[in-house]
Structures are given as structure tokens and as C-alpha cells.
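Chemist: The structure's right below; bear with me while I get my questions together.
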Ligand SMILES: Cc1ncc(C[n+]2csc(CCOP(=O)(O)OP(=O)(O)O)c2C)c(N)n1
Ligand SMILES: Cc1ncc(C[n+]2csc(CCOP(=O)(O)OP(=O)(O)O)c2C)c(N)n1
Ligand SMILES: [Mg+2]
Ligand SMILES: [Mg+2]
């Protein structure tokens with residue numbers, strides 16, 4: 090095991106797959122020599138693998154995604170980067186109509202083994218066009234898989250699984266976790282899709298969430314433990330496939346569920362989890378399922394506003410207390 | 090009152106608003122003289138109002154939507170048509186990043202009074218790229234309003250409200266309701282956004298749904314009435330704002346809720362309603378909230394497959410029976 | 517260019533086969549057994565024939581919503597193709613795709629698509645893949661005059677140019693996008709000249725003359741295989757019928773239609789005449805070929821008619837490589 | 517073109533004001549009170565100055581992610597602009613927008629946007645609106661070399677051409693999109709020539725010379741006001757600093773940077789020299805203007821520094837015209 094940042098672990102995963110499989114290549118805006126990616130995830134890879142395989146593109150999101158589709162169905166394994174998740178709005182046709190549907194509408198004739206890497210989330214004061222959390226759109230798109238790694242030890246295993254997956258994967262990252270450190274195995278490992286991880290065991294209430302909110306939830310759990318409240322924290326790791334079993338088993342144990350993501354509330358991924366759990370564990374619920382999300386507004390710029398927008402420790406703790 | 094189709098009522102609403110307000114104009118692909126819209130909604134309007142105000146465009150969805158934004162903020166009231174809802178994937182940036190967020194990110198300096206008309210739904214055997222129901226994406230986008238008229242008497246009043254609204258409205262129609270007839274008031278009327286309509290009163294179970302599924306649900310309710318099951322059917326009419334009050338009051342009366350839409354299940358609009366109701370009416374629920382949706386697949390072409398994909402009377406009735 | 521007799525026969529055969537295929541589709545449509553809508557290729561046969569005659573089996577074509585001609589000309593099995601159009605389980609897409617997604621991947625068809633202009637980015641990616649894998653294969657990408665107004669056009673032409681990809685851009689300019697004459701949405705005399713902005717060699721040919729199309733394509737293929745990058749070929753042509761199944765195409769000026777649809781400009785007549793004049797075929801041989809093809813198509817139609825519809829539950833398959 | 521002395525003074529003043537504004541922003545950044553990121557306009561001042569000097573107050577400009585210069589040159593209040601950059605409630609967007617959305621609508625700024633190339637469709641719509649409302653106003657739309665590779669470029673140029681809209685396309689070609697040299701993503705020698713494909717008159721000017729920019733814009737504005745349609749002006753320029761706040765711009769060849777950043781090509785020096793040579797100003801008068809502007813900017817900075825941050829709950833306002 091070596092301690093490294095999420096960014097380093099992700100890069101290591103990309104590097105291993107590129108070494109292992111010649112058909113893996115990266116494409117995106119400013120991922121190469123001159124920049125190394127807006128968040129420096131790919132820094133150094135162009136130097137290592139050359140500009141053919143770490144390919145800078147023009148600012149053409151829909152064609153970046155579409156080119157990944159064309160390459161994927163003809164024998165390559167592209168990892169395309171959309172610099173900010175907000176910009177995937179420009180590539181929705183290729184991601185959601187083409188990549189996601191090709192296997193199906195062609196009756197199984199084609200596989201589309203591609204990865205779209207992008208990054209969601211606020212906290213950097215870069216306002217409405219660079220801070221959104223749009224993973225719900227993709228969870229609502231049959232044919233896509235959706236990975237949401239929140240920890241360094243997961244991101245490496247998940248990116249490797251994503252690259253080897255025969256289906257298109259929306260691989261969502263989060264701006265505030267790139268610098269988070271964790272022990273990461275030295276030997277090769279893959280993390281299967283659809284397996285949640287219980288990040289902390291607890292008995293009184295289950296918290297399910299994604300990305301940076303998991304880090305906050307773990308801190309809240311630590312706090313509440315001092316008061317004798319025992320919080321179980323579950324990280325889904327992938328939204329599609331979604332590990333329902335782990336959530337439901339946990340709820341059957343605790344009888345209480347709080348869902349925490351940074352998405353705007355209405356139809357956030359938390360809505361689906363709430364709907365599933367009330368449907369499948371109705372009799373075990375001792376209290377309504379609580380959702381903690383951002384309010385239904387665009388992401389504001391000013392720190393005072395953005396800090397209010399993003400769920401904080403207090404709101405998470407309050408939601409837990411509300412149903413305990 | 091005059092009996093007319095949904096298509097006619099919609100056109101009448103557009104016509105009245107164009108007569109009333111010079112700044113209202115329509116733009117979209119083939120909406121004008123030579124075609125009158127893929128579903129003939131605008132047929133005759135170019136003849137009546139001229140090609141400047143019923144404006145055929147090139148096949149440039151993102152620029153159609155964006156041009157509507159530019160026109161809206163400078164004094165016009167554009168109604169832009171995206172021919173099929175599936176194609177709004179190409180206009181997501183302008184719809185969701187620009188139109189939806191401008192008032193907010195500019196601190197209230199601009200109003201964006203535009204309407205994007207588009208059409209969702211299957212049932213016409215036109216496969217994966219022309220049959221989707223994507224309203225959930227827009228319900229998840231703060232800053233947009235979302236109208237989902239399912240009946241002729243509603244569509245006229247709602248389109249008029251949409252056009253006069255100072256905020257951007259995603260006005261979603263459904264292919265299979267264009268020919269549905271109903272009595273429509275002769276005098277001018279507006280239907281306020283955020284007010285659901287109880288389409289049928291009942292005591293045993295509440296059904297909430299949208300579009301063609303409402304027509305099916307009403308037929309199912311009729312059937313079940315014969316067996317002594319009394320079904321209340323609620324049409325939200327707009328998803329944003331969402332009339333929670335009417336749903337919750339109904340659930341407090343019936344204790345049971347079935348949600349029915351044609352969307353693919355995961356994170357369909359039904360997920361949000363389920364999440365809200367279990368949160369706000371937990372103690373009144375006598376059974377889990379049931380969701381009836383399409384499966385999580387693209388929309389298939391062949392009639393045998395598409396008929397399986399779209400929820401039918403049997404599945405709706407079954408869901409009701411399941412919790413009664 | 518010296519075109520040998522064998523190639524002339526090939527061109528005649530391909531053109532005719534597409535014609536007979538489409539006439540059969542029209543016949544089946546008359547029997548009311550073709551679900552959904554149809555975009556017939558009738559009238560434009562010489563484009564698909566001329567382009568594919570210049571390709572190897574391992575080369576690729578990217579198709580459109582008007583795809584029957586492309587896939588048949590590229591060598592798709594006409595039985596599977598007709599079965600697909602009828603929504604049968606024996607169809608090349610197992611009945612999941614239908615007319616707008618008709619594809620036989622193994623025959624080098626990347627896919628037909630319902631989203632206008634969505635094929636261009638995919639062609640970029642396939643061509644990139646050919647280049648990176650060093651196969652020397654090329655990609656011919658078909659799209660319409662209307663598609664040239666979509667954002668992907670500029671993005672994809674540009675990307676193909678900067679990376680000097682082996683792609684041939686085939687504009688099928690049939691003068692209309694649905695009911696919209698290209699004159700109204702394209703300010704220049706040709707679409708071809710837009711390629712100048714991307715330094716892509718381009719030319720305009722008579723799209724009803726398979727030989728002209730073939731010769732232009734051969735040159736483009738040669739350039740592409742040698743690493744000389746993309747070429748754009750604008751093929752001027754005309755639909756025999758309306759845009760889709762119920763369009764009577766009344767928006768076309770009578771004299772224009774008469775001129776384009778005259779006997780001596782008919783795609784089959786044109787190439788038949790050339791082949792006979794150049795002594796590649798006698799009248800009799802030409803008729804023989806027709807008879808043989810007709811039988812083949814008739815048999816295919818029987819196959820399609822007699823095939824089973826897919827089982828409803830098959831709708832759940834082919835979403836992912838492995839269900840979860 | 518005969519440019520009078522008043523206009524030369526105007527050009528000098530605008531250029532200088534933008535310069536001093538940006539230097540102040542850099543200074544505030546050094547004080548660590550500018551949240552988020554920054555795309556400074558330093559080096560490109562002559563473009564905004566030259567363009568806006570050719571516009572009336574009622575004309576519009578569409579800005580970009582590098583928008584400070586555009587809004588200041590168009591007449592935005594520098595107090596509100598600086599306050600916005602600091603995320604203060606007194607900012608023109610009430611602190612909701614920040615650098616990437618800096619906008620003063622009443623001064624004729626349609627908006628700054630974080631999505632590259634998203635302004636073009638909006639400019640199309642605003643120009644359409646001017647035309648339909650018969651105002652004779654024009655729209656100048658700024659965008660970068662990198663933006664020219666996005667799909668909206670072709671769509672929007674085309675729409676402006678077919679409808680002969682009063683829009684002036686201003687390409688600020690600063691040779692880079694982030695770290696990507698335009699040479700790598702644009703096959704032609706100029707971006708301007710892409711406009712030929714849409715029959716749009718175009719020209720390339722020295723973007724560091726406000727007078728040259730002004731003269732080209734005057735001609736374009738004249739054409740636009742007379743109903744002669746769009747013009748594209750490519751302004752060659754160069755950033756003084758990196759792309760965004762932490763970019764040291766090491767990817768720029770030393771000799772290139774040296775040449776472009778030399779004293780005699782500096783935007784302020786260039787226009788100052790011209791104004792003095794043409795006897796519009798004496799050295800002393802020029803210095804006086806600088807002093808006056810500097811005071812104004814210093815005062816604005818004090819205003820911004822001393823302003824309050826927005827209240828957290830203000831994050832919930834301005835989503836819709838009326839809350840619901
Ligand atoms: C992106 C998109 N916009 C609109 C449509 C609806 N539509 C289908 S075909 C068509 C016209 C296409 O014209 P063209 O590209 O010239 O091809 P043609 O039909 O003439 O072969 C339109 C507007 C669509 N399918 N996709
Ligand atoms: C659609 C989109 N893609 C990518 C980005 C990330 N990004 C921000 S600025 C920029 C470079 C833009 O280059 P150019 O248009 O030349 O403008 P410049 O920064 O040089 O002024 C990029 C890639 C973005 N904001 N929007
Ligand atoms: Mg056409
Ligand atoms: Mg630039």
C-alpha cells in the first residue's frame with residue numbers, strides 16, 4: 090500500500106491500462122503536453138505514451154464524445170475527457186443517444202467500450218457553468234454505466250474496471266476529492282461495478298451519499314459517535330449498476346436512512362434511492378427517508394452563497410437527528 | 090365549449106397569443122409553409138402570420154434554442170420548437186446552462202421569457218431516437234419550468250400561460266395525445282402553473298401520472314370501479330412548479346399511491362414524487378408507493394417490443410391491486 | 517479514369533439492387549406491414565452504389581436516417597434488412613432498430629442513425645481508429661444537405677482535417693431537408709465549398725450518375741489510404757418520393773421535380789446506359805441481372821414476411837453486454 | 517476612413533480603461549480577495565475598445581469567459597464590475613456570477629458565459645430580435661479562436677447569413693485555447709476564411725491596434741444597420757498572461773511571446789502613439805487621462821473592497837421571477 094492522492098491513484102489506473110492494452114487511448118481538451126488536464130489528472134501521460142495516445146482535441150465536445158464512439162465500435166478503447174461536467178450538455182446526443190443506445194438499437198451487433206471522464210461539483214467558486222453535479226441525467230439513461238468514485242483507493246480500481254467494461258461508462262469525478270489521500274494497493278486490483286462499500290459501520294441510521302458529501306458524512310458520523318449516535322455510511326461507488334442490496338440490508342438493520350449528495354434536490358440521485366427503499370423496505374422504515382441536497386438553484390459564485398448552496402456538516406447532522 | 094383535438098387546442102392557444110402580442114413568434118424546423126410542423130401543430134400559422142413570425146430554421150438545434158434565448162432577453166417572446174424531444178440532446182447547453190441560469194447568474198438582471206416546445210413518448214414504432222420521454226432531465230434543472238399537458242382542455246390554457254411566463258418553459262407534448270378530443274372553452278382562459286387537476290375522484294388509491302399514461306389510468310380506473318375499487322387520478326399539468334399539495338392531500342385520504350409514467354424507471358419523475366410523498370406523508374401511507382414505468386432500456390422499434398416497453402392497462406391495474 | 521467493364525457491371529448491379537430493394541419496401545408498406553415511418557432511398561441509389569463500389573469490404577460506411585441504400589449497397593443481407601424493416605426477430609437488429617437504425621455491422625456499416633448529422637463524429641472516430649490501428653481502411657460518411665447545417669458538420673470536418681483522417685465526407689444533396697429547400701438554409705451555391713474553410717479538397721458531382729460518384733470516390737479513397745486525409749464529395753441528387761412515408765412532397769416546384777425525375781436522369785437508367793454504351797453489358801445481360809436481383813429481393817421479402825416477431829420480453833435484452 | 521480626434525481619444529481612453537481595470541484585478545488577486553478563477557483580458561484591450569467604440573449605447577455585445585474587457589469597454593460601471601469579481605452583494609450580478617458571468621445588461625451586455633462558444637447562438641437571437649423589432653441596433657459577438665472549433669460556430673454563422681442578421685462576429689484570435697496553439701486545431705491560415713463558406717464578408721486585423729479594429733467594425737456596423745447582414749472580423753492578439761489565474765503559460769515559445777509582448781505592440785502604447793501622432797492628444801493630455809482613469813478605478817476598488825458579501829440565503833433568490 091502507498092499513500093497517494095485521488096488524482097495520483099486515478100492517473101496510476103489510467104497508466105496501468107495504457108501499458109496493458111495498446112487500444113486504450115485518451116482524448117480531450119488540453120489533456121496533453123501543454124497542460125495535462127484542467128485538474129492535472131493526465132499530467133505526464135503524453136510524455137510517457139506520446140501525443141497519439143494522449144490526444145489534445147479542439148473545443149468540440151460533441152465530436153469528442155462521438156469520435157470516442159466511432160473508435161470504440163471499431164476496436165479501440167477510448168477514454169474521452171469532458172473538461173467540466175457542465176460541458177457535457179454539448180455532448181448529450183453522442184453520450185445518451187449514440188453510445189448508450191447502440192448495442193440495443195443494433196440488436197447486439199456492436200459493443201461500445203468507451204469511458205467518458207468528467208468532473209462534477211462545486212466548492213471552487215467558479216459559478217453556474219463550472220460547478221454542477223449532473224450525474225442524475227446519466228443514471229436516467231439506460232445503456233450507460235455510471236461510476237462515482239469518491240476515494241483514492243476506489244478510483245484506481247474503478248477506472249480500470251471502467252476501461253475494460255464492454256459498455257459505455259460515464260466516469261464522474263469530483264473537484265474537491267482530487268487532493269484527498271488514502272492508502273492504495275500497490276498490486277493490480279479491479280473494483281467490480283455495482284458493489285457498494287460500507288465506509289463506516291453503524292447501528293442507528295444509514296447514510297448513503299456520493300463524492301465529497303461522503304467525506305463530510307464520515308466526519309459527521311465521527312462527531313455524532315461522541316453523542317452515542319451510531320451512523321453507518323455507504324458509498325455506492327457506481328450508480329449504474331446500483332447496489333440496492335447493501336442499502337436495503339443496512340436499512341433493515343438501522344430502520345433509518347439519510348441520503349446526501351451535492352446535486353440540486355429535485356430528481357437528484359437521492360430521489361431514486363428513496364423511491365427504491367420505501368418500495369422495497371417499507372416495513373422496516375421507522376421514519377421517513379431524509380434527503381440532504383443542494384437547493385434547486387444554479388450554483389452561485391460568491392463564497393457566502395456557495396457555502397450555503399453546498400450541504401454542510403450541520404445540515405447532514407440535522408437530518409440525522411431529525412429522524413433519530 | 091367546442092370539442093377539438095389537443096392539436097387544435099394547442100394551435101388555437103398559439104394563435105391567440107400571436108394575435109395578442111406582436112413579440113410572440115415561432116421558430117423551428119419545418120414549422121412553416123411547406124410542412125406545418127412534424128405533427129402539424131403549426132399548420133396554417135405561417136399562412137396567417139407570415140414567415141417572419143413562423144420561422145423555418147436550419148437543422149441547428151443548439152442555435153435554435155440559443156437564438157430563442159437571445160431574442161427573449163432582448164424583448165421578444167419566442168416559442169422555439171425542437172421537432173422531437175430526443176433531439177433536445179443537441180440543445181442542452183442553451184436550454185439548461187443558458188436559458189435556465191441567466192436570471193440567476195446575472196443576479197436578476199435579465200428575464201428569459203421563452204418557450205421550448207417539444208414532444209416526447211413512444212407508441213409510433215419510430216425507435217430509440219424518436220420515442221424517448223426525457224422530462225426528468227428538465228425537472229432536475231433549476232430555472233426551468235416544465236409543463237406536461239395531457240388533455241386538450243389543458244394544453245390551450247397552459248401554452249398561453251407558458252408564453253406569458255417571464256421564465257423559460259420547457260413545454261412538453263406527447264405524440265399520442267395530439268388526436269385526443271375534449272371540450273375546450275371558447276372564451277380566453279389561462280391555466281396557472283403548479284396546479285394539478287384531479288381528473289377523477291376516488292377513495293381507495295391515488296394514481297399520479299403524466300401524458301398518455303393518464304388516459305390509460307382513467308380507463309383502468311373505470312374498469313376497477315366495476316370491481317368496487319375507487320381510484321383517484323391526478324394530473325400534475327406542470328412538473329415545475331410541482332403541485333405537491335394536491336398529491337399529498339389525496340394520499341392522506343387514500344393512503345395509497347401509484348405513480349405511472351412512460352419514462353424509463355430509474356430517476357423518472359415518479360422517483361421524485363415517491364421521495365416527496367414518503368417524506369411528507371409517511372404516517373399516512375398504508376402501503377409502499379408503487380411506480381409503473383417503462384423498463385430501463387432504449388425504446389425498441391418492433392411493435393411487439395414497444396408494446397412491452399410502454400406500460401399498459403394491465404400493469405397499471407396490477408400495481409393498484411398490489412397495494413390494495 | 518479507366519473504369520473496367522467489371523466495375524461498370526458492379527455499378528449497375530449495386531444501383532439496381534438498391535432500387536429493387538426500395539421498391540419492395542414500398543410494396544410492403546402498401547401491404548401495411550411496415551411499422552413506423554420510412555425514409556426511402558428511391559432516386560438516390562447512384563450515390564450509395566458509386567461510393568460503396570470504391571470501397572473494400574473492410575472499409576466502413578456511416579449511414580443516416582435514410583439508410584436502406586447505404587447498407588444494401590455495402591453488402592448487407594437483404595433478407596435481414598427487410599426483416600428488420602418489418603420488425604422481425606430475424607432482422608439484422610433483431611427488430612430493435614427498424615428503418616432508422618438499419619445496420620449490418622459485419623458488412624462494414626457503422627450504423628444508421630435517427631439523429632441528423634450524428635454520424636459525422638462517429639465517422640471521425642472510426643477513421644481515427646483505422647489510422648491508429650494502421651489498417652489502411654477508410655470511412656465513407658453519408659449525410660444530407662440539411663445535416664450540413666448542424667454543429668457536428670464543422671466540428672467533424674475540422675477534426676478530420678487536423679488529424680488527416682482517412683474519411684470521405686459524402687454530402688447527399690437532394691435539395692431538401694424535409695420540406696425545407698436547401699436554398700433557404702444554405703447561403704452558398706454549393707455545400708462543398710464549406711470544406712475549403714477546413715482545407716479539405718472537395719468536389720461536386722452528379723449524384724444520379726453512379727460512375728461519376730464512383731470516380732470521385734476512388735480518388736478520395738486513394739488520398740485517404742495514402743495518408744492524405746479527408747475529401748468531401750457533394751452528390752447532387754433528388755428523392756423520387758416525399759421525405760417520409762406520408763409526405764406527398766407538394767412543396768417541390770413542378771418543373772424542378774419533372775426535370776429531376778425524368779427518365780434520362782434516373783439513376784438506374786443512367787448507369788445502365790453507360791454500361792451498355794461502353795460494352796460492359798448488353799441489353800439482355802442487363803435484363804438478366806435485373807431478373808436475378810428481383811428474384812433475390814422477392815425471396816428476401818418472403819423471408820421477412822414469414823419471420824416471427826420478437827418475443828415481448830426480448831425488449832429487455834441487449835442493453836448491456838451482461839444483464840445486471 | 518477619416519477618424520476624428522474625439523474618436524481617437526475615445527479609443528485611447530477605452531483601451532486604457534480596460535488595461536487599468538485588469539491591472540487592478542490582478543492587484544486584488546494578489547491580495548487574495550478574488551474568489552474562484554480569472555481569465556484576464558490583459559493584452560487584448562484594443563479588441564474590446566475598437567469594437568465598442570464603433571457601437572451605440574443601444575447596440576449589444578455578447579461576451580465570453582474572458583469578459584472583463586468587453587463589459588468595461590461597453591460602459592459597465594467599474595464599481596459594480598469589481599464588486600462582482602470579489603463576490604460582493606453590490607456586484608452587477610449581486611455576487612452570483614463572478615468573473616465568468618460578469619455582465620451589465622443595461623449597458624448593452626447580453627452576458628458573459630462560462631461555456632466556450634455558447635454566446636454565438638445568443639447573439640443570433642439578439643440580432644434577430646433587433647431586426648424583427650426594427651430597432652436598427654446591431655450585435656457584436658466576441659469569441660475566441662478556440663471557440664471557432666465548436667459546433668455553434670457553423671450553426672450560428674449560417675443562421676446569421678441566411679437571415680442577413682445585424683451581427684458582427686469578432687474572433688479574438690489570441691493564438692491559444694488554454695495551452696493549445698490554434699495551429700494544432702485549425703488547418704487554415706486564418707479563422708476568417710471559414711466565413712467564406714457562409715458567404716459572410718470577413719477580414720483579419722491587428723487586434724492590438726484599436727484603430728484598425730475600430731475601422732473594420734465601423735464598416736461592418738454600417739453594413740449591418742443597412743440590412744446587409746453579418747461580417748466576421750478576426751482580430752489577431754495575444755494574452756499578456758496565462759489562460760487563467762495560475763497558468764504560467766510556459767507552453768508559449770519564447771520568441772513568439774517576446775515579439776507579441778514587446779512595448780511597441782502593446783495595445784495601450786499603440787493607440788496612444790497614434791492619437792498623439794495624429795494630434796488628437798498631447799503626451800500630457802494622455803497622461804492626464806490615465807491619472808483620471810486610475811483614480812476612478814482605485815475608487816472602484818475601494819468600493820468593491822468595502823462592500824458586503826451577499827447574505828447566504830440570497831442564494832435562493834433570482835431563480836425565477838417569482839418564487840414558488
Ligand atoms: C438533429 C435532428 N434534427 C431534426 C430531425 C428531424 N429530421 C429528420 S430527417 C430531417 C431532414 C434531413 O435532411 P437532410 O440532412 O437533407 O437529409 P434527407 O432527409 O434529405 O436525406 C429532419 C429535419 C432529426 N432527425 N435530427
Ligand atoms: C464548451 C467549453 N469547452 C471547454 C471549456 C474549458 N475552457 C475554458 S476557456 C477554454 C479555451 C478557450 O479558448 P478561446 O476560445 O481561444 O478563448 P481564450 O481563452 O483564448 O480567450 C477552454 C477550453 C469551456 N469553458 N467550454
Ligand atoms: Mg436532403
Ligand atoms: Mg484563444
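Chains as they are written, first to last, in my numbering: chain H, 90 to 413; chain A, 90 to 413; chain U, 517 to 840; chain W, 517 to 840. For every residue, glycine included, the Cβ atom is placed at its ideal position computed from N, Cα and C.
(1) Tell me whether the beta-carbon of residue 626 (chain U) lies closer than 7 Å to the beta-carbon of residue 679 (chain U).
(2) Which partner residues does residue 692 (chain U) have in the DSSP bridge list?
(3) I'd like to know whether the C-beta of residue 242 (chain H) is nearer than 7 Å to at least one C-beta of chain W.
(4) Compile a chain-ordered list of the residues in the segment 162-185 of chain A whose CB is closer than 7 Å to at least one CB of chain W.
(5) Is it the case that the segment 214-228 of chain A contacts the segment 277-286 of chain A, given that we only count it when at least three CB pairs across the two stretches are under 8 Å?
(6) Can you pull the chain H neighbours of residue 730 (chain W), defined as C-beta to C-beta under 8 Å?
(7) From which residue to which residue does the beta strand (DSSP E) around residue 166 (chain H) run?
(8) Could you tell me which residues DSSP puts in a beta bridge with residue 578 (chain U)?
(9) So is the beta-carbon of residue 581 (chain U) under 6 Å away from any non-hydrogen atom of ligand 1?
(10) So does residue 692 (chain W) have its beta carbon nearer than 6 Å to some heavy atom of ligand 4?
(11) So with Cβ pairs under 7 Å, would you call residue 767 (chain U) a contact of chain W?
(12) Less than 6 Å between the CB of residue 661 (chain U) and some heavy atom of ligand 5, yes or no?
(13) Is the distance from the Cβ of residue 533 (chain W) to the Cβ of residue 809 (chain W) below 7 Å?
(14) Whose CA, out of U:523, U:541, U:559, lies closest to the CA of residue 781 (chain U)?
(15) I need the DSSP call for residue 105 (chain H), collapsed to helix, strand or coil.
(16) What residues in its chain sit with their C-beta under 7 Å from that of residue 734 (chain U), if we drop five residues either side in the sequence?
(17) Which of helix, strand or coil does DSSP assign to residue 205 (chain H)?
(18) Which first and last residues belong to the beta strand (DSSP E) in which residue 280 (chain H) is found?
(19) Reducing DSSP to helix, strand and coil, say where residue 646 (chain W) ends up.
(20) From the DSSP output, read off the bridge partner residues of residue 751 (chain U).
(21) Residue 732 (chain W) to residue 564 (chain W), Cα distance in whole Å?
(22) To be precise: take each residue of the segment 737-763 of chain W, compare its Cβ to all Cβ atoms of chain A, and keep it if any distance is under 9 Å. Which residues remain?
(23) Can you tell me whether residue 108 (chain H) is buried or exposed? The criterion is at least 16 other CB atoms within 10 Å of its CB, across all chains shown.
(24) Between the alpha carbons of residue 148 (chain H) and residue 702 (chain U), how many angstroms are there, rounded?
(25) Count the CB pairs spanning the segment 141-161 of chain A and the segment 230-243 of chain A that are closer than 8 Å, and state whether there are at least three.
(26) Name, please, each residue of chain H whose Cβ falls closer than 7 Å to the Cβ of residue 611 (chain W).
(27) Taking the Cβ atom as the reference point for each residue, do residue 340 (chain A) and residue 320 (chain A) lie within a distance shorter than 7 Å?
(28) Which same chain residues end up closer than 6 Å to residue 303 (chain H) when comparing Cβ atoms and leaving out the 5 residues on each side of it in sequence?
(29) Is residue 369 (chain H) near ligand 2, in the sense that its beta carbon is under 6 Å from a heavy atom of that ligand?
(30) Could you tell me the boundaries of the alpha helix (DSSP H) in which residue 516 (chain W) lies?
(31) Measuring straight from C-alpha to C-alpha, what distance separates residue 200 (chain A) and residue 357 (chain H)?
(32) For residue 207 (chain A) versus residue 246 (chain A), is the C-beta spacing smaller than 7 Å?
(33) Compare the C-alpha of residue 291 (chain A) against each of A:368, A:278, A:346, A:266 and name the closest.
(34) Quick test of your reading: residue 591 (chain U) and residue 600 (chain U), contact by CB under 8 Å. State the CB separation rounded to the nearest angstrom.
(35) Of all the residues that make up the segment 711-729 of chain W, which are near chain U by a beta-carbon distance shorter than 7 Å?
Modeler: Inspection of the coordinates gives the following:
(1) As a position in the third chain, residue 626 (chain U) is number 110, starting the count at 1. As a position in the third chain, residue 679 (chain U) is number 163, starting the count at 1. Contact: no.
(2) For the purposes of this step, residue 692 (chain U) is taken as the residue at position 176 of the third chain. Residue pairing by DSSP places residue 692 (chain U) opposite U:697 in a beta bridge.
(3) Here residue 242 (chain H) refers to the residue found at position 153 when the first chain is read from its first residue. Taking Cβ atoms only, chain W never reaches closer than 7 Å to residue 242 (chain H), which makes this a no.
(4) Listed by position, the residues of the segment 162-185 of chain A near chain W (Cβ gap below 7 Å) are 162, 163, 164, 165, 182, 183.
(5) With the cut-off at 8 Å, the segment 277-286 of chain A and the segment 214-228 of chain A do not touch.
(6) Locating residue 730 (chain W) in the fourth chain gives position 214, where the first residue counts as 1. At a C-beta separation below 8 Å, residue 730 (chain W) has no neighbours in chain H, since its nearest C-beta there lies roughly 28 Å away.
(7) As a first step, residue 166 (chain H) is located in the first chain; it is residue number 77 there, counting from the start. Here the beta strand (DSSP E) through residue 166 (chain H) covers 166-171.
(8) Counting from 1 along the third chain, the entry for residue 578 (chain U) is found at position 62. Beta-bridge annotation (DSSP): residue 578 (chain U) is paired with U:627, U:657.
(9) Within the third chain, numbered from 1, the residue matching residue 581 (chain U) stands at position 65. Ligand 1 approaches residue 581 (chain U) closely enough that one of its heavy atoms is under 6 Å from the residue's Cβ.
(10) As a working mapping, residue 692 (chain W) is identified with position 176 in the fourth chain. Checking the Cβ of residue 692 (chain W) against ligand 4 gives yes.
(11) Here residue 767 (chain U) is taken as the residue at index 251 of the third chain, counted from 1. For residue 767 (chain U), no Cβ of chain W is located within less than 7 Å of the residue's own Cβ.
(12) What this structure holds is ligand 1, ligand 2, ligand 3 and ligand 4, not ligand 5.
(13) Here the question's residue 533 (chain W) lines up with position 17 in the fourth chain. Here the question's residue 809 (chain W) lines up with position 293 in the fourth chain. By the CB criterion at 7 Å, residue 533 (chain W) and residue 809 (chain W) fall inside the cutoff.
(14) Start at 1 with the first residue of the third chain, and residue 781 (chain U) comes out as number 265. Comparing alpha-carbon positions, the option among U:523, U:541, U:559 lying closest to residue 781 (chain U) turns out to be U:559.
(15) The residue you call residue 105 (chain H) lines up with position 16 of the first chain. Correct three-state label for residue 105 (chain H): helix.
(16) Looking up residue 734 (chain U) in the third chain gives position 218. Within the same chain, residue 734 (chain U) has close Cβ partners 517, 570.
(17) Here residue 205 (chain H) refers to the residue found at position 116 of the first chain. Three-state DSSP puts residue 205 (chain H) in a strand.
(18) The residue you call residue 280 (chain H) lines up with position 191 of the first chain. If you look at residue 280 (chain H), you'll find it isn't in any beta strand (DSSP E); DSSP assigns it neither H nor E.
(19) Numbered from its first residue, the fourth chain carries residue 646 (chain W) at position 130. DSSP places residue 646 (chain W) in helix when its eight states are reduced to three.
(20) Taking the first residue of the third chain as 1, we reach residue 751 (chain U) at position 235. Answer is U:688, U:721, bridged to residue 751 (chain U).
(21) By 1-based counting over the fourth chain, the position of residue 732 (chain W) is 216. By 1-based counting over the fourth chain, the position of residue 564 (chain W) is 48. The alpha-carbon atoms of residue 732 (chain W) and residue 564 (chain W) are separated by roughly 13 Å.
(22) Hits within the stretch: zero.
(23) One-based indexing of the first chain puts residue 108 (chain H) at position 19. Only exposed fits residue 108 (chain H), as fewer than 16 other CB atoms lie within 10 angstroms of its CB.
(24) Locating residue 148 (chain H) in the first chain gives position 59, where the first residue counts as 1. Locating residue 702 (chain U) in the third chain gives position 186, where the first residue counts as 1. Taking the straight line from one Cα to the other gives about 24 Å.
(25) Taking 8 Å as the limit for Cβ pairs, the verdict is that the segment 230-243 of chain A does not touch the segment 141-161 of chain A.
(26) Within the fourth chain, the letter at position 95 stands for residue 611 (chain W). Per Cβ cutoff of 7 Å: 390, 391, 394.
(27) Walking along the second chain from the start, residue 340 (chain A) turns up at place 251. Walking along the second chain from the start, residue 320 (chain A) turns up at place 231. No. Outside cutoff.
(28) Residue numbering aside, residue 303 (chain H) sits at position 214 when the first chain is read from its first letter. Taken in chain order, the residues that qualify are 239, 324.
(29) Against the first chain, residue 369 (chain H) aligns to sequence position 280. In this structure, residue 369 (chain H) has its CB at a distance of at least 6 Å from all heavy atoms of ligand 2.
(30) Residue 516 (chain W) lies beyond the residue range present for chain W, which begins at 517 and ends at 840; the question has no answer from this structure.
(31) Residue 200 (chain A) sits at position 111 when you count from the first residue of the second chain. Residue 357 (chain H) sits at position 268 when you count from the first residue of the first chain. Residue 200 (chain A) and residue 357 (chain H) have their C-alpha atoms spaced approximately 26 Å apart.
(32) Reading the second chain from its first residue, position 118 is the one you call residue 207 (chain A). Reading the second chain from its first residue, position 157 is the one you call residue 246 (chain A). Contact flag unset, no.
(33) In the second chain, counting from the first residue as 1, residue 291 (chain A) sits at position 202. Considering only alpha carbons, the answer is A:346.
(34) As a position in the third chain, residue 591 (chain U) is number 75, starting the count at 1. As a position in the third chain, residue 600 (chain U) is number 84, starting the count at 1. Not a contact, Cβ separation roughly 15 Å.
(35) Close to chain U, meaning a Cβ-Cβ distance shorter than 7 Å, are the following residues of the segment 711-729 of chain W: 712, 713, 714, 715.
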